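Numbering (this note's numbering), first residue to last: 20 to 358.
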């Protein structure tokens, strides 16, 4: 009697059934069977099966709670991209390490590639803008002005407006969705700051300086698009539905919303340095292609005309300000944005 030990989708009895025929109606159990197939094919060992299965459970919980998905056949690439964005947020909130973000996404890609039989749902760490494993980025993840304008012209109006909010106010994706631009515009015009509270971790509020013409323009446009809705999410949609639709559009144009937040971090770093030194156009390490630390301190010292120790102090203070404006209380997070 032949033992049933499939090694790929084509060898399953019912490959088009629920969870691609992985012998369980439960997604977590199906994921384990998917990994066992890879073990049967001698691609991975038992420990990897256990590790990746444990990590995939985080993704399946995300799908069930945020999108009501309990069958692998209903997973689209935008769901994986949205999960990667969640990993980014968890890293920024100090919930998980940079390495863990990559491990979790790799587990999702591993299970789904085996389940589906191809790489159609795969999202790489680079595509997702995950933090560098060393936590000090050497890759500029910001989107330049030309790319930004091109994306704006290709996205639907609402998402285009949200991209401008992400760029000019440093908002995370969820914050830009749940923001109330009409209220924020009033606050910006009155107080030259906006309070960010909707969609933040634990409802923690932060204030963002908001007086530049570009910021006001972005808020005015978003306020007009918001209309009679409570936020940028249409009343007819839940956050999960809107998120799925947004990432479907992002995938079409190859856009990663987190790239706009990187632009904000770069711009604010330069602004805070200028405020301290009266020297304009000072840039962060990753924008210059310089190494984090002494190489960049030497650059600052030469441009400012000060000692390396003074340059180091200026850099530290600028990073502290950027961290606060991004919604953090630890300077280390700036390494992922600034290098």
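Ideal Cβ positions, reconstructed from N, Cα and C, are used throughout, including at glycine. Since this is a predicted model, take the numbers as computed values, not measurements.
- Per the C-alpha coordinates, the member of 90, 32 and 295 positioned closest to residue 44 is 90.
- The three-state reading of DSSP puts residue 304 in helix, counting H, G and I together.
- Under the three-state reduction of DSSP output, residue 232 falls in the helix class.
- Under DSSP, no beta-bridge partner is assigned to residue 31.
- C-alpha of residue 357 to C-alpha of residue 50: approximately 37 Å in a straight line.
- The three-state secondary structure of residue 223, taken from DSSP, is coil.
- In the structure shown, residue 215 adopts extended strand secondary structure according to DSSP, grouped into three states.
- Note on geometry: alpha-carbon atoms of residue 124 and residue 48 lie some 18 Å from one another.
- In the pairwise beta carbon analysis, the region 27 to 36 is classified as not touching the region 112 to 128: fewer than three pairs are separated by under 8 Å.
- For residue 291, the CB contacts under 8 Å within the same chain, skipping 5 residues up- and downstream, are 336, 337, 340 and 341 in chain order.
- When only Cα atoms are considered, residue 98 and residue 82 end up about 8 Å apart.
- Under the DSSP assignment, residue 133 falls in the alpha helix (DSSP H) whose first and last residues are 117 to 135.
- Every unbroken stretch of the alpha helix (DSSP H) spanning 4 or more residues and falling wholly within the region 306 to 345 is given here in chain order: 313 to 323 and 327 to 344.
- The shortest CA-to-CA distance from residue 226 to any of 171, 203 and 268 is the one to 203.
- Contact between the region 155 to 164 and the region 64 to 78 is absent: fewer than three C-beta pairs spanning the two stretches fall below 8 Å.
- Between residue 184 and residue 190 a beta carbon distance of about 5 Å is seen, short of the 8 Å cut, so the two are scored as contacting.
- Counting the other CB atoms within 10 Å of its CB gives residue 263 a total of 16 or more, which places it among the buried residues.
- In this chain, residue 347 is not harboured by any alpha helix (DSSP H), its DSSP state being neither H nor E.
- Just measuring C-alpha positions, the residue of 182, 224 and 217 sitting nearest residue 238 is 182.
- Under the Cβ criterion (8 Å, minimum of three pairs), the region 162 to 174 counts as touching the region 266 to 277.
- Around residue 170, the same chain offers 162, 179, 182, 272 and 274 as residues with beta carbons nearer than 8 Å, after the five sequence neighbours per side are excluded.
- Here DSSP, grouped into helix, strand and coil, assigns residue 249 to coil.
- Beyond the five residues adjoining it in sequence on each side, residue 147 comes within less than 6 Å, by CB distance, of 103 in the same chain, given in chain order.
- Membership of residue 276 in any alpha helix (DSSP H) is not indicated, and neither H nor E is assigned to it by DSSP.
- DSSP places residue 185 in the uninterrupted alpha helix (DSSP H) bounded by 176 to 188.
- Inter-segment contact for the region 55 to 72 and the region 108 to 118 is absent: fewer than three beta-carbon pairs are separated by less than 8 Å.
- Spanning the alpha carbons of residue 282 and residue 166 requires a straight line of approximately 12 Å.
- Here DSSP, grouped into helix, strand and coil, assigns residue 154 to coil.
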